[in-house]
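Right, one structure below, let's go through it.
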Amino acid sequence: MNSTLSTLDLPVSDADPFSYEVLEDPLPFQADLRDAGPVVFLNKYQVYAMGRYQEVQSALIDWQTFQSAAGVGLSNFRYEKPWRPPSLLLEADPPHHDAPRSVLTKILGPREIGRLAESWAEDAAQLVDELLAKGEQFDAVKDLAAVFPLRVFPDAVGIPKAGRKDLLPYGDHVFNAFGPPNELVAKGASRVGELSASIAANCARHVLTSDGFGARIWAAADKGDITEAQAPLIVRSLLTAGVDTTVNGLAAVLYAFATNPRQWDRLRQNPSLARIAFDEAVRLESPVQTFFRTATRDIEVGGSLIPEGRKILMFLGSANRDPRRWEQPDAFDLDRDPSGHVGFGFGIHQCVGQHIARLEAATVLTALADRVSSIKVSGPTQRHHNNTLRSWESLPVEVKLA
Ligand code: OVV
């Protein structure tokens, strides 16, 4: 390969994907990125970027070439000390990745979590009833999407009541910390020590209930599937990745319905569409917008060279709206087959909690569809900016009782 030529071929962008403007509305930037080429060099951060579905999906599958162990944020663990002990799942590759992954895959598998469905459906019904008792206007984020995961997930993990209020702020900071050290990271810095300590305290064996995901992780250590040193860090992964993500996934699907009234009618006619609807919303909104990988060798992609050791920013959200892959990519369409979207990633690192996320979403949507004949946005919406998450501050809605 002629690396000089390849470097000359490389489109360069001066845009900042972590700027206020792009976080407020990433779609124009993402369209430019996709149109600029299969790989684009981001001058500001001196990293490579992929915005098209085909290259993103192929790279996510190829964990040998696009490693995670050097970190999936901008910081390159080859040269910089990670700000917290790396995740044994997210920031690891085989062989180290495999034992923690297979333990969690089993604990969070579709059949294992089936036992939660009934009580979560009751919790969702109760929460929606509480909301509707107060009136036909509420905030779909503050009153519903940000509330339901905290009602059900910490209990499923088995952590104590105290410290639950720290889960969202901790997650918000972790997802900011995958990005550059900008003001979003700086604003979280003052609480990092306190929040990390609180999360770590909830991972200890003696504080966890005997029947939750946490206890099962510790039981896997007793069996010898993982070590006792690994167990608390695997619990930490649940507490880090399991709350902000589902809050924003729920917000995504509620926003999608609130802006697509005909799709809400379809869901009411056929509630079994709830799961398709959730995946379609995850495709459309991509609550996790980006993750980095690191090149383990010189790679040629679309005629450009990515040198060994360099960071590549994968735009999951952009791939999920790539018109080269999706017909009418910006439409929320329950007739579409959204499978193949990269909103949960792809390959060996694909979201291990996705069945939990789908169950949470399906129970909330079912409870709402049972009671509400229409839902629409009723006031100014407000985004919450995060370096990695596509997030909401406020989503006022008005519903009609069925
Ligand atoms: C997917 C994800 C996001 C954030 C944190 C982690 C995983 C973790 O394993 O800690």
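Residue numbers for the sequence shown follow this note's numbering, so the first one is 17 and each next one is one higher. Positions of the beta carbon are idealized from the N, C-alpha and C atoms, including for glycine. Computed from a predicted structure; not experimentally measured.
Those residues that bring their Cβ nearer than 5 Å to a heavy atom of ligand 1 are SER103, LEU105, LEU106, SER253, THR256, ALA257. If you draw a 10 Å sphere on the C-beta of ASP41, you find fewer than 16 other C-beta atoms in it, and that means exposed. Residue state for PRO170 is assigned as helix, using DSSP reduced to three classes. Here VAL55 carries a coil assignment [DSSP, helix/strand/coil].
Secondary structure note for ARG278: it is in no beta strand (DSSP E), and the uninterrupted alpha helix (DSSP H) holding it is 277-285.
Distance from the CA atom of ASP295 to the CA atom of THR262, rounded to whole angstroms, is 12 Å. Only residues of its own chain outside the window of five on either side were considered, and among them PHE362, GLY363 have a CB closer than 8 Å to the CB of ILE77, listed in chain order. Given a length threshold of 3 residues, each whole run of the beta strand (DSSP E) inside the region 313-401 is given here in chain order: 315-317, 320-322, 327-331, 388-393, 398-401. Counting the other Cβ atoms within 10 Å of the Cβ of VAL388 gives 16 or more, which makes it buried. Taking all protein chains in view, the Cβ of ARG232 is crowded by 16 or more other Cβ atoms within 10 Å, so the residue is classified as buried. The beta carbon of GLY179 sits closer than 7 Å to those of SER214, ALA217, ASN218, all from its chain and outside the five residues before and after it, given in chain order.
Judged by beta-carbon spacing, VAL259 lies within the 7 Å limit of PRO165, meaning their Cβ atoms are closer than that value.
Going by DSSP, ARG309 is part of the beta strand (DSSP E) stretching over 306-311. Comparing C-alpha distances from LEU143 to each of ASN402, THR379, HIS400, VAL317 shows the shortest one belongs to THR379.
With a minimum length of 3 residues, the unbroken runs of beta strand (DSSP E) contained wholly in the region 42-130 fall at 56-58, 63-66.
A distance below 7 Å between beta-carbons, with the five flanking residues on each side excluded, links ASP155 to the following residues of its chain, in chain order: SER410, LEU411, PRO412. When DSSP reads this structure, GLN153 sits in a beta bridge with GLU414.
In this structure, ARG313 lies away from ARG374, with their beta-carbon atoms at least 7 Å apart. By the Cβ test, the region 245-260 is in contact with the region 186-203, since at least three Cβ pairs between them sit closer than 8 Å. The beta carbons of PHE348 and GLN285 sit no closer together than 7 Å.
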